[in-house]
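In UniProt numbering, the protein residues as written are 1 to 375.
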């Protein structure tokens, strides 16, 4: 390589005058190579920050890039590496806090790793549309696709489809044909219910997410398992749609249930509706009913009362998705381990028969995740 650089660079360099023709059109990788006195392969190595480029050569190339105002294209990057450093991201379902935050931090992690991302957001997740979107991304020469899937139909649509690129799913359920990263919804639900049981509650109802939501299904499973381990009844969940309005509707029903003393709600927005309905019915939180949510959205600590909830680290989940991409592109199937959420104890839970906020909880015996306490 060094010999080629010397030969190409004889009598040339970044100090060469840029012609009017070069200024009049968009610069190419070959223009940069000609101005810097190197091969286009060397320019590509500099663009992709690859080793085995002498510092002086790298400086000449960078100066030529600056002088020509060259903006590298994916095709130019692929000349040597045969890689576009472009990823596809498909986000399915409503733009709720969790998926949106995960997508944001995936994009940031991709940028830090010097990848660009083509994003497709889909409210509906019918199989034909999802497959068409994935195929379109493949035609855009993406190296991998990340699928943030709220509903199992999204996983089913791509399960077993040969796209020619790896798929990393951010999803609570497993599909053998896909790599996966996820937060442990089951363990998080057990933390929430275990906290209520520690406070003395025995009649613990559940407001769940939609039946087709994978996260919601795992939380139902964790709620029932924790109750069952303590010999407590798991009455039929009230199925919501993630909105405060559905929480409010179910909260009005729960307000009439005088045996119930605690509610585990499958997300914070529905918990807000439940608390509002209970207050309207004259049942105080936490004096009469303790309420635990899930997600720890930014507004949760400002609810009245501040909400005890299960915190999901969507920042790390987005980063894990990118780590998963780097793993599969590096021929390494060792995906990031699932993360267990944290219990955040605030003022919406209290010991049975006690209107005072609950005391700090000790480390969970189920997952080892330490409960945090927030005022």
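Using N, Cα and C, we set each Cβ at its ideal position, and we do this for glycine too. None of these values were measured; they are calculated from a predicted model.
Query - Bridge-paired residues (DSSP) for residue 120 - result: 90
| Every unbroken beta strand (DSSP E) inside the region 154-216 [3 residues or more] | 167-170, 179-181 and 204-208
Quiz item: Roughly how many angstroms separate the alpha carbons of residue 98 and residue 128, rounded to a whole number?
Solution: 25 Å
Alpha carbon to alpha carbon, what distance is there between residue 35 and residue 183? 50 Å
- Which class does residue 343 belong to by DSSP, given the choice of helix, strand or coil? strand
*Quick one: what does DSSP say residue 290 is sitting in, helix, strand or coil?*
strand
For residue 257, the nearest candidate out of 114, 204 and 318 (CA to CA): 204
> With 16 other CB atoms within 10 Å as the buried threshold, where does residue 268 fall?
Replying inline: buried
So, is residue 376 buried or exposed, given that buried needs 16 or more other C-beta atoms within 10 angstroms? Any property of residue 376 remains undetermined from this structure, which presents the chain solely from 1 to 375.
### Task
Report all residues from its chain with a CB closer than 7 Å to the CB of residue 335; omit the five preceding and five following residues, and keep chain order.
179, 180, 181, 324 and 327
request  = Could you name each continuous beta strand (DSSP E) segment of 3 residues or more that falls completely within the region 277-327, going from the start of the chain to the end?
outcome  = 290-292 and 309-311
### Message
Please give me, in chain order, every unbroken run of the alpha helix (DSSP H) with length at least 4 that falls completely inside the UniProt domain "HTH lacI-type" (27-81).
### Response
29-36, 40-47, 55-68 and 74-81
Would residue 207 pass as a contact of residue 310 if the rule is Cβ separation under 8 Å? no
Just reading off the alpha helix (DSSP H) that residue 109 is part of, what are its end residues? 97-112
field: Spatial distance of residue 159 from residue 60 (CA atoms)
entry: 48 Å
Checklist entry - Should residue 341 and residue 247 be called a contact, given that it needs their Cβ atoms to be closer than 8 Å? => result no
*asked:* Determine whether the beta carbon atoms of residue 123 and residue 106 lie at a separation below 8 Å.
replied: no
Exercise. Please classify residue 225: does DSSP put it in a helix, a strand, or coil?
Key: helix
Quiz item: residue 397 to residue 241, Cα distance in whole Å?
Solution: Any answer about residue 397 is impossible in this case: the structure gives the chain only from 1 up to 375.
By a C-beta neighbour count over all protein chains shown, 10 Å radius and 16 as the cutoff for buried, is residue 43 buried or exposed?
buried
Range covered by the alpha helix (DSSP H) that runs through residue 254: 244-255
May I ask you to report which of helix, strand or coil DSSP gives residue 350? coil
Tell me, to the nearest whole angstrom, how far the beta carbon of residue 294 is from that of residue 101; I am working on the premise that it is less than 8 Å. Residue 294 to residue 101, Cβ: 14 Å. No contact.
**OP:** Report the residue from 49, 199 and 344 whose alpha carbon sits nearest the alpha carbon of residue 297.
**Re:** 344
- Query: Using 8 Å as the threshold, is the region 208-217 in touch with the region 276-290, meaning 3 or more CB pairs across them?
  - Reply: no
Find the nearest neighbour of residue 37 within the set 56, 26, 49 and 48, judged by alpha-carbon distance. 56
request  = Indicate whether the contact test is met: 3 or more Cβ pairs, each with one atom in the region 134-149 and one in the region 162-173, closer than 8 Å.
outcome  = yes
Name the two residues that bound the continuous beta strand (DSSP E) containing residue 263. 262-265
Open item on the list: For the beta strand (DSSP E) containing residue 138, name the first residue and the last one.
Closed with: First-last for residue 138: 127-139, but that is the alpha helix (DSSP H), not the beta strand (DSSP E).
- Item | Residue burial classification, residue 152 (beta-carbon count within 10 angstroms, cutoff 16) | buried
(message) Among 272, 251 and 229, whose alpha-carbon lies nearest the alpha-carbon of residue 388?
(response) With the chain covering 1 to 375 only, the question about residue 388 has no answer from this structure.
- Reference residue 304; option with closest CA among 312, 317 and 290: 290
- [ ] With DSSP collapsed to three states, give me the class of residue 232.
- [x] coil
Using 10 angstroms around the beta-carbon of residue 228, count the other beta-carbons present and answer buried if the total reaches 16, otherwise exposed.
exposed
| Given a threshold of 16 other Cβ atoms within 10 Å of its Cβ, counted over all protein chains shown, does residue 71 qualify as buried or as exposed? | exposed
Can you tell me which of the three DSSP states residue 365 falls into? In this prediction, residue 365 has a pLDDT of 34, which is less than 50 and means its spatial position is unreliable; nothing more can be read from the coordinates.
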